[in-house]
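In short: position in the sequence shown from 1, add 9, done, that's the working numbering.
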Amino acid sequence: ETIEFSQKSLVGFQVENAFGFSDLQIAIRTKRGLAEYPSISLSAMSKAEIEQIKSALTEIMGKSGIRYQKESK
10 ETIEFSQKSL VGFQVENAFG FSDLQIAIRT KRGLAEYPSI SLSAMSKAEI EQIKSALTEI
70 MGKSGIRYQK ESK
């Protein structure tokens with residue numbers, strides 16, 4: 010399964026680590042406001058692959074200049 014969105018619509022992401030598993034959370038801006046995708050499991054990926062994802066998303070975020078911080082629950 011894939012998730013597709015315009016790079017310009019990305020406003021935030023977070024990688025959460027719990028119990029040895031990693032989950033990716035992505036937030037995008039839509040016409041109706043902010044939307045958070047359901048968590049994406051990264052448990053099948055190596056630490057190096059997760060770092061590549063984080064690096065790529067950070068680069069995209071740097072280009073957009075938009076920041077979004079997910080509220081802690």
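We put the CB at the ideal spot given by N, CA and C, even for glycine.
Quick caveat, the model's predicted, so the values are computed rather than measured.
Outcome for residue i when other beta-carbon atoms lying within 10 angstroms are tallied against a minimum of 16
{"i": "LEU51", "result": "buried"}
{"i": "LEU43", "result": "exposed"}
{"i": "PHE28", "result": "exposed"}
{"i": "SER31", "result": "buried"}
Option in the options with minimal Cα separation from residue i
{"i": "ASN26", "options": "ILE49, ALA65, SER64", "result": "ILE49"}
{"i": "ARG41", "options": "ILE69, THR67, SER18", "result": "SER18"}
{"i": "GLY21", "options": "THR11, LEU33, ILE12", "result": "LEU33"}
{"i": "ALA36", "options": "SER64, GLU13, MET54", "result": "GLU13"}
Beta-carbon proximity list for residue i, same chain, < 8 Å, skipping 5 on both sides
{"i": "MET54", "result": "SER31, ILE62"}
Three-state secondary structure (DSSP) of residue i
{"i": "THR39", "result": "strand"}
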